[in-house]
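In what follows, a single structure is set out as structure tokens and then discussed.
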Amino acid sequence: MNLTELNGIATAMVAPGKGILAADESSGTIKKRFDAIGVESTEDNRRDYREMLFRSKEAMSQYISGVILYDETIWQNAKDGTPLVKLIEQSGAIPGIKVDEGTQALPMCPGELVTVGLDKLAERLTRYYERGARFAKWRAVIDIGSGIPSMTAISVNAHALARYAALCQAAQIVPIVEPEVLMDGDHDIDRCYEVTSRVLNKTFQELRVQRVALEGMVLKPNMAISGKKSPKQASVEEVADKTIRLLKACVPAAVPGIAFLSGGQSDEEATAHLNAMHKLGPLPWGLTFSYGRALQAAPQKAWSGKAENVAAGQNAFSHRARMNGLASKGEWQSSLEKKAA
378 MNLTELNGIA
388 TAMVAPGKGI
398 LAADESSGTI
408 KKRFDAIGVE
418 STEDNRRDYR
428 EMLFRSKEAM
438 SQYISGVILY
448 DETIWQNAKD
458 GTPLVKLIEQ
468 SGAIPGIKVD
478 EGTQALPMCP
488 GELVTVGLDK
498 LAERLTRYYE
508 RGARFAKWRA
518 VIDIGSGIPS
528 MTAISVNAHA
538 LARYAALCQA
548 AQIVPIVEPE
558 VLMDGDHDID
568 RCYEVTSRVL
578 NKTFQELRVQ
588 RVALEGMVLK
598 PNMAISGKKS
608 PKQASVEEVA
618 DKTIRLLKAC
628 VPAAVPGIAF
638 LSGGQSDEEA
648 TAHLNAMHKL
658 GPLPWGLTFS
668 YGRALQAAPQ
678 KAWSGKAENV
688 AAGQNAFSHR
698 ARMNGLASKG
708 EWQSSLEKKA
718 A
């Protein structure tokens, strides 16, 4: 393992003003997104959509540091035969790959899940590296509900995340470690804070046990935020304040960077929260975004599967990427959204 090289990649992934595009929706998830805009989810349509994003010169070169790909996408070529991975590299961004294989029910723990995909991961990582991937992603899912999460769910998911991270570093690939505490419930922000704190502490304990070099990884956590169904929604300032307090308590300064997931927040909410956190600096690690839906909902709608809408889709993507790029330096203002509109 060349840690200097891994650290260089991890640092580039969270460079000021740039963030990570999560374009790693599974076939099932992208079908749902396409259904919403009336587009058939064929292999060609999925390719055309992602090619449109990766050819967005302004967004990709100025605001996107890396792109997380799905297995299908990393092997696809653009219409002109150029591998999609090459389009990403040519823009100056780093190609990455989602390597987990989804979730399964966790035995003896009703309502809880464990992420799978460790079998044969070492061989898959070798092939992905040869194709150009320099970082990977694995998502653990922790739900908040009545009597959950259990310590069992937290432990097994943290253990799997750490095993995945060690395999990545052995393959000279930077692991994005993503323990997501879902915001689907009716819990308040303090309950989210408490659960996320337990999850992060257990995850870093496992990473140390499995000898993962913290300098060669990126953390992709949820924010401390109210559940979607909570009657008590926390303000932007409270989300920023509690999230930073939580991260400072749980995330060692050796980690080069933290890239948030949007986790079901609206486009502007995700941007506003990240921006507010940068007002609380200086911070011990780089702090940026790794958004999927919050970067893509607008371009998907603008494109709607029509070749004549490619420019409109790219403009919508560039706008969201720019807004989040500004937020990752604490320079975003809501008035900039209205100007674009």
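Numbering (the numbering used here), first residue to last: 378 to 718. The beta carbon of each residue, even a glycine, is placed where N, CA and C say it ideally should be. Computed from a prediction, not measured in an experiment: that's the story for all the values here.
The beta strand (DSSP E) with Leu-490 in it runs from where to where?
490-492
How long is the line joining the alpha carbons of Thr-381 and Trp-662, rounded to whole angstroms?
17 Å
Can His-508 and Ile-553 be called in contact, C-beta distance under 7 Å?
Checking the sequence, you will find Arg at residue 508 rather than His. Contact flag unset, no.
Bridge partners of Ala-704, per DSSP?
Answer is none; Ala-704 lacks a bridge partner.
Starting from the Cα of Pro-659, find the closest Cα among Gly-707, Gly-669, Asn-686 and give me that residue.
Gly-707
Straight-line CA distance for Glu-685 to Ser-667?
Each residue's CA atom was taken as its position, placing Glu-685 and Ser-667 some 28 Å apart.
Should Thr-665 and Gly-396 be called a contact, given that it needs their Cβ atoms to be closer than 7 Å?
yes
What did DSSP end up calling Pro-484 once you bin it into helix, strand or coil?
It is coil, neither helix nor strand.
In terms of residues, what are the limits of the alpha helix (DSSP H) holding Pro-676?
670-680
Give every residue of the same chain whose Cβ lies closer than 8 Å to the Cβ of Ser-418, excluding the five residues on either side of it in the sequence, and list them in chain order.
Its chain contains Ser-404, Ile-407, Lys-408, Phe-411, Asp-412 as the residues whose beta carbon lies nearer than 8 Å to that of Ser-418, once the 5 sequence neighbours on both sides are disregarded; these appear in chain order.
I'd like to check one pair, Val-391 with Gly-634: are the Cβ atoms closer than 7 Å?
The answer is yes: Cβ separation under 7 Å.
In the DSSP assignment, find the beta strand (DSSP E) that holds Ala-590 and state where it starts and stops.
Counting along the chain, Ala-590 falls outside any beta strand (DSSP E), and DSSP gives it neither H nor E.
Residues in its own chain within less than 7 Å of Ala-387 by CB, not counting five upstream and five downstream?
Val-551, Gly-593, Met-594, Val-595, Pro-633, Gly-634
Quick check on Arg-501: does DSSP put it in helix, strand or coil?
helix
For Ile-621, which of helix, strand or coil comes out of DSSP?
helix
By DSSP's criteria, Leu-713 is part of a beta bridge. Which residues make up the other side?
The partner list for Leu-713 (beta bridge, DSSP) is empty, contrary to what the question assumes.
Give me, in chain order, the residues of the same chain whose beta-carbon lies closer than 8 Å to that of Ser-442; leave out the 5 immediate sequence neighbours on both sides.
Ala-389, Met-390, Val-391, Ala-392, Lys-395, Gly-396, Ile-397, Ala-470, Ile-471, Thr-665
Given Lys-751, which residues of its chain have a CB within under 6 Å of its CB, disregarding the five upstream and five downstream residues?
One cannot answer for residue 751 here, as it falls past the ends of the chain, which runs 378 to 718.
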